[in-house]
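With our numbering, letter number 252 in the sequence shown gets 232, and the count goes up by one each step, no holes. Cβ coordinates follow ideal geometry from the N, Cα and C atoms, glycine included. Beneath this line is the structure, given in structure tokens, with notes to follow.
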Amino acid sequence: MKTQSNTKINKTFVLTLALLLICTLNLKAQWTAQSVGMDYYDFNSVYFVNADTGYVVGVDYYNEVGLVFKTTDGGTNWVQLGFDSTGIELKSVYFINADTGYIVGNNWDSESGNIFKTTDGGTTWVEQSYGALNLYLFSAYFLNADTGFAVGCNFDEENYILTDYILKTTDGGLHWTTKTNGLSCYYNSVYFIDANTGYAIGSNENGAGVVMKTIDGGENWISKNTGISGSLNSVYFLNADTGYTVGFDDYSYSGIIYKTVNGGNYWILQKTVEEAYFYDVDFPDANIGYAVGSDDYGNGLILKTKDGGVNWIKQNSGNSYDLMSVDFIDTNIGYTVGYELTVLKTTNGGETEPTEPWGKIGTKWTYWIPQTEGNYKLLPFEMQSTGDTIIEGKTCYKLENIGECSVTDLSSIYIYTEYDKVYYYDDVAEDFLLLYDFSLNAGDEYYLFLDHGYFTNLLIVYIDSVGTEIFNDSSFRVQYVTTTSAYISEDSVTWQLGASNNAKIVEFMGSTTYFFPQKVDSCHNFISTICSYQDEKGFIYTTGSYPCGTPVPNSVQEYKAPNINIYPNPAHDQLTIENTNSLIRNIRLYDLSGKTIQKVSNINQYQITIPLSEVQQGLYFISVTCDEGVITKKVIVR
């Protein structure tokens, strides 16, 4: 990231390398430690120009000198760049291109801030003169080769007066102008959206958050801290409206993450973490973002969002020291740095991957399927992993039906795993399609596109909650899900991934109905449950009143789909949804990617008409929730 906090926690320096990765059951950390220098180095800021070239800056407290390291091979090797930085702690680094960059820091002896510039990729550094004394600088941001900003504060030690300061250059650092808003605060971070609009954030002398905004290139600044509670360390904006800031709230003793969607006019608290601190935030795209910091014990803390900040998921950093800065090159490749020599890298967005593959050779799933036509009996359905093969360069496991009854028209299924995701190969699509995704959390949903020749179906899987269950002394992650069939074709065949409500997807097991979503027609009308999962763990899972024995026959009730009429279809300027049997509660119109186009809640009517004049031509789905359940149909807009 481009910004950095000035928060510093004093530590006892231990001259041992403590960069061990923490492993958890069935998972391994996807942040790996990079080897850089000695273990009494503290890093404050990281910035990457491209996938290969990056810089970290900090301080060697043992020798009391500032530190600059550079890599040109994506973090594999780091070289220390030398210049006279005696008595200086370097706080923030920012590069405009591969050659030109800036560093700001503070000199302990002169008690003043420093600005250094390089034009040769860090080989030489020249100190910039800005004329003001007793300034402390904590963050720098440059719009281009000429225009940039540095922020911090002035502290009058004799009179104990704290004053905010913002520096600006328009000639590449040759000259700097200083400005103060007359506030008793300091700025930890600065970020500009364009030449006119920018933000400076920090804290006042009482520990309250400060957000200042300019719309004239830094000439004038106005307060925009409505909704903020707590001190702030870093700010990042995606566009003119949407931005994030992170920090710490003394009142609740929690790390805080705020978001604005109206250009800072109001900030919404999105996440708090008790006994934690956040020092930096970065968003490689509109949805995916990262916040880094530490817990109350100084252990590295990384949170990730994949939905624009609605949900934040803790990642395993494998690091026991504060993380001070984060910078992502794209959604997968990123770096975070911190105290005690910490430089961590991820190449997969920090996601975890199972240490064991799904469906490894020899694994067998056994189901007992109660047949409900004619004489009631149980039919075995077995599926076993019999080997591996290479498809499109991916190592896949082959799963074959070996039981008496088959609930799929496929003689075999090919799957491969990638981190927390399981994919299967679709013969018709000639591509890999998502089957399970254990990186999802409560509130998430995903789509299973099932196409096997004579019909196509879309299954929507809603993640209601996520937990763990113990089977034979082993812990397995479990997703508790609800599924809905959304028909693309008009075929009446349905697909299942567990029951429509209260279904489970068990890690390495599959759903409680089938490992693979199956169509319910090969063995007449039936329900099913996993009876056993046979590998070295000896997994046994049972549900209901018949655990792998002779079941008590249950009466089969005919399911009556909601009598929903949707017209006209194709539609042009409006669409009417009508249910003659029960009240319509909610409707949602969405496109093929799952993006919601229109949503109406709390309808409580038998009929509703929605406008389509602003909807582009194309194919859409509409989900209608009524007292009888949820039905989804396709809608064509012309």
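Whole-angstrom distance between residue 286 and residue 443, CA atom to CA atom: Taking the straight line from one Cα to the other gives about 15 Å.
Give a yes or no on whether the C-beta atoms belonging to residue 27 and residue 21 are separated by under 8 Å. No, these two residues do not count as a Cβ contact at 8 Å.
Any contact between the region 111 to 131 and the region 54 to 64? By contact I mean 3 or more CB pairs, one from each, below 8 Å. Verdict: no, contact absent.
Spatial distance of residue 569 from residue 547 (CA atoms): Their Cα atoms are separated by approximately 14 Å.
Between which two residues does the beta strand (DSSP E) carrying residue 295 extend? Segment 293 to 295, the beta strand (DSSP E) holding residue 295.
Short Cβ contact (8 Å threshold) for residue 118 with residue 71: For the 8 Å CB-CB criterion, residue 118 and residue 71 form a contact.
Between 278, 127, 377, which has its C-alpha nearest residue 297's C-alpha? For residue 297, the closest C-alpha among the options 278, 127, 377 is that of 278.
So for residue 444, helix, strand or coil by DSSP? Three-state result, residue 444: strand.
Can the beta-carbon of residue 602 be found less than 8 Å from the beta-carbon of residue 583? No, these two residues do not count as a Cβ contact at 8 Å.
At what residue ranges does the region 191 to 273 contain a whole run of the beta strand (DSSP E), taking only runs of 3 or more? Runs of the beta strand (DSSP E) inside the region 191 to 273: 211 to 217, 223 to 229, 234 to 240, 248 to 254, 256 to 262.
Closest Cα partner of residue 178 within the set 203, 188, 165: When each option's Cα is compared against that of residue 178, the closest is 203.
Top-ranked residue by Cα proximity to residue 311, from 206, 266, 292: Minimum Cα distance to residue 311 is reached at 266.
Hey, how far is the Cα of residue 124 from the Cα of residue 156? Cα to Cα, residue 124 sits roughly 15 Å from residue 156.
Would you grab the beta carbon distance between residue 59 and residue 49 for me? Rounded to a whole angstrom, and I think it's under 8 Å. The distance from the Cβ of residue 59 to that of residue 49 is about 7 Å, consistent with a contact at the 8 Å cut-off.
Kindly indicate which three-state DSSP category residue 524 falls into: helix, strand or coil? In this predicted model, residue 524 has a pLDDT of only 31, less than 50, meaning its place in the structure is not dependable; the value taken from the coordinates is given anyway. It is coil, neither helix nor strand.
Under a Cβ-count criterion, where at least 16 other Cβ atoms within 10 Å of its own Cβ denotes burial, should residue 433 be classed as buried or exposed? Any reading at residue 433 must be qualified, since the residue scores a pLDDT of 40, below 50, and its modelled position is unreliable; no value is offered.
Does the CB of residue 412 have a neighbour CB from chain B at under 8 Å? Looking for chain B here will not work: only one protein chain is present.
Of the residues 190, 170, 23, the one placed nearest residue 198, counting alpha carbons only: Out of 190, 170, 23, 170 has the C-alpha closest to the C-alpha of residue 198.
Whole-angstrom distance between residue 260 and residue 625, CA atom to CA atom: Missing from the structure shown is residue 625; the chain here goes from -19 to 618 and no further.
Inter-residue Cα distance where the pair is residue 316 and residue 91: C-alpha separation (whole angstroms): 28 Å.
Under the three-state DSSP convention, the category residue 578 falls into: Note: residue 578 maps to strand in three-state DSSP.
Residue 398: beta carbon under 7 Å from a heavy atom of the ligand FAD? No copy of the ligand FAD appears in this structure; indeed no ligand is present at all.
In DSSP terms, what residue 75 is bridged to: Answer is 81.
Nearest neighbour of residue 414, chosen from 400, 421, 293, 319 [CA to CA]: Nearest of 400, 421, 293, 319 to residue 414, Cα basis: 400.
Can you tell which of 600, 294, 241 has the C-alpha that lies nearest to the C-alpha of residue 216? It is 241.
Where residue 412 sits in the DSSP three-state scheme: If DSSP states are grouped into helix, strand and coil, residue 412 belongs with the strands.
Skipping 5 residues on each side, what residues in its chain have a beta carbon closer than 7 Å to that of residue 54? Within the same chain, and ignoring the five residues on either side of residue 54 in sequence, the residues whose Cβ sits closer than 7 Å to its Cβ are 31, 32.
Between the CA atoms of residue 273 and residue 330 - distance to the nearest angstrom: Pairing residue 330 with residue 273, the inter-Cα distance amounts to about 15 Å.
On a CA-only basis, which of 184, 219, 195, 196 is nearest residue 205? Give me that one, please. Closest option to residue 205, Cα to Cα, is 184.
Start-to-end residues for the beta strand (DSSP E) that takes in residue 130: It spans 128 to 136 - the beta strand (DSSP E) in which residue 130 sits, taken as one unbroken run.
Take residue 46 as the anchor and find which of 52, 24, 29, 56 has the nearest alpha-carbon. Shortest Cα-Cα distance from residue 46 to any of 52, 24, 29, 56 involves 24.
Quick one: what does DSSP say residue 63 is sitting in, helix, strand or coil? Under the three-state reduction of DSSP output, residue 63 falls in the coil class, being neither helix nor strand.
Checking the sheet assignment: what are the DSSP bridge partners for residue 406? In DSSP, residue 406 forms a bridge with 411.
Considering Cα atoms alone, identify which of 78, 151, 238 is closest to residue 229. Distances from the alpha-carbon of residue 229 to those of 78, 151, 238 put 238 closest.
Is the beta carbon of residue 458 closer than 8 Å to that of residue 487? In this structure, residue 458 lies closer than 8 Å to residue 487 by Cβ.
Tell me which same chain residues have a C-beta within less than 6 Å of the C-beta of residue 223, skipping the five on either side of it? Once the five neighbours on either side are set aside, the close Cβ partners of residue 223 are 217, 240.
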